[in-house]
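Novice: Below: one structure in structure tokens.
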Amino acid sequence: MVSLRELWWHVDFIGCSLCPRSMRVMTLSTDSKTHFDTHGWVLSAVLNEAETAAVSEAVDEVQSWSDSGDWMHHYELTDAGVRRCRTEYFTPFSPGLRALLCAGAMIDIAGQLMGTSAVLYKEKINYKLAGGAGWEPHQDAPAYPFIDNHVSCMIAIDDATTENGCLELVSGLHHELIPTDARGCIPAAVAESLTWQAMPLRAGQVLWFHSRTPHRSGDNRSTSDRRALYPTYNAASEGDLREAYYARKRAELATAATNGERVQISLIDDFRGRPVPS
Ligand SMILES: O=C(O)CCC(=O)C(=O)O
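Here is the structure:
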């Protein structure tokens with residue numbers, strides 16, 4: 003199989019195959035931008051079948067890394083035992099995923115959605131292995147310090163279905179911050195009043211969403227894994243804050259109090275996974 007890096011020039015310039023290579027850019031259609039501005043989310047066609055396979059192989063590699071490295075693996079307790087639920091801070095160690103997330107089509111689209119040049123703020127893989135837990139209703143913005151203008155996407159590595167815990171979103175509610183509960187999530191009574199839309203994705207599909215778009219996801223009730231890659235971008239004008247974000251996150255997670263019910267893997271307490279007994 004060709005490597006992600008070898009494939010990457012296709013993806014960089016997928017939007018305009020007739021232009022000379024140096025002039026090609028990934029351009030979102032006006033309809034897509036309008037959809038994002040109106041609804042707070044949009045699907046974009048970034049990866050073809052070969053590229054999807056290459057990204058999946060790069061994720062397999064990250065998933066195989068041991069715990070001794072500067073990347074951050076997180077674990078949860080499931081009914082089947084201890085499972086890895088997330089890896090983040092991997093772009094310094096995965097040239098293929100760094101190329102995917104930090105250059106070319108992905109960063110082009112992030113910039114077009116924000117209306118200004120983008121820079122990678124953070125990156126994570128949520129594994130949601132069979133039996134893994136889902137996420138409470140939340141907006142991402144309260145978990146992302148330092149920045150005002152940011153956008154994320156879910157790149158489906160495996161097909162995401164209602165059974166294995168695909169994302170669910172609320173359309174058109176990305177203009178305001180909803181007051182949070184003690185966990186930093188959308189209070190249950192508010193969440194119940196919202197209209198949630200399940201977003202099943204095929205492997206390789208890319209779903210962009212605003213950092214104030216309310217979202218949640220179910221547990222993986224299937225027998226197969228539902229892995230997804232999530233980069234978040236901020237406006238480059240606000241600075242390159244990725245190292246600052248991870249320094250803060252490492253410090254906060256190191257001292258996070260646990261109530262014994264949930265493992266904290268985010269700066270808000272949105273993940274329903276159980277902690278691994280020490
Ligand atoms: O991967 C999922 O199911 C949801 C992830 C999510 O909402 C998050 O990581 O903030």
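Under my numbering, the residues of the sequence shown are numbered 3 to 280, in order.
The beta carbon of each residue, even a glycine, is placed where N, CA and C say it ideally should be.
Quick caveat: nothing in here was measured; it's all calculated off a predicted structure.
#1: Would you check if there are 3 or more beta carbon pairs closer than 8 Å linking the stretch 123–135 to the stretch 82–96?
#2: Taking 5 Å as the limit, tell me which residues put their C-beta closer than that to any heavy atom of ligand 1, in chain order.
#3: May I ask you to list the residues that DSSP assigns as paired with Met-116?
#4: Which runs of the alpha helix (DSSP H) fall wholly inside the stretch 182–257 and span at least 4 residues, in chain order?
#5: From Asp-227 to Ser-280, what does the alpha carbon distance come to, in whole angstroms?
#6: Is DSSP giving Ser-58 helix, strand or coil here?
#7: Taking the alpha carbon of Tyr-248 as the reference point, which residue from Asp-72, Glu-51, Ile-109 has its own alpha carbon closest?
#8: Check whether the Cβ atoms of Pro-139 and Ala-200 sit closer than 9 Å, and answer yes or no.
#9: Taking 6 Å as the limit between beta carbons, can you name the residues of its chain near Gly-206, skipping five residues before and five after?
#10: For the stretch 219–237 and the stretch 96–116, state whether three or more C-beta atom pairs, one from each stretch, are separated by less than 8 Å.
#11: In chain order, what residues of the same chain lie with their CB nearer than 6 Å to the CB of Ser-58, ignoring the 5 residues before and after it?
#12: Thinking C-alpha only, which one of Ala-258, Gly-117, Val-121 is nearest Cys-104?
#13: Per DSSP, which residues does Asn-128 bridge with? Please list them.
#14: According to DSSP, what are the bridge partners of Tyr-77?
#15: From this set, Ala-60, Ser-70, Tyr-123, which residue's C-alpha is nearest Arg-250's C-alpha?
#16: If you drop the 5 nearest sequence neighbours on each side, which residues of the same chain put their C-beta closer than 8 Å to that of Glu-240?
#17: What's the gap between the Cα of Arg-86 and the Cα of Asp-221?
#18: Does Ala-184 pass the burial test, meaning 16 or more other C-beta atoms within 10 Å, or should it be called exposed?
#19: With a threshold of 9 Å between beta carbons, is Gly-167 in contact with chain C?
Specialist: In this structure, then:
#1: yes
#2: Asn-128, Trp-137, Ser-219
#3: Met-116 pairs with nothing; no bridge assigned.
#4: 190–195, 244–257
#5: 25 Å
#6: helix
#7: Asp-72
#8: no
#9: Leu-49, Thr-54
#10: yes
#11: Ile-159
#12: Val-121
#13: Arg-88, Ala-230
#14: Arg-86
#15: Tyr-123
#16: Phe-148, Ile-149, Asp-150, Asn-151
#17: 14 Å
#18: exposed
#19: Any reference to chain C falls outside this structure, which holds one protein chain only.
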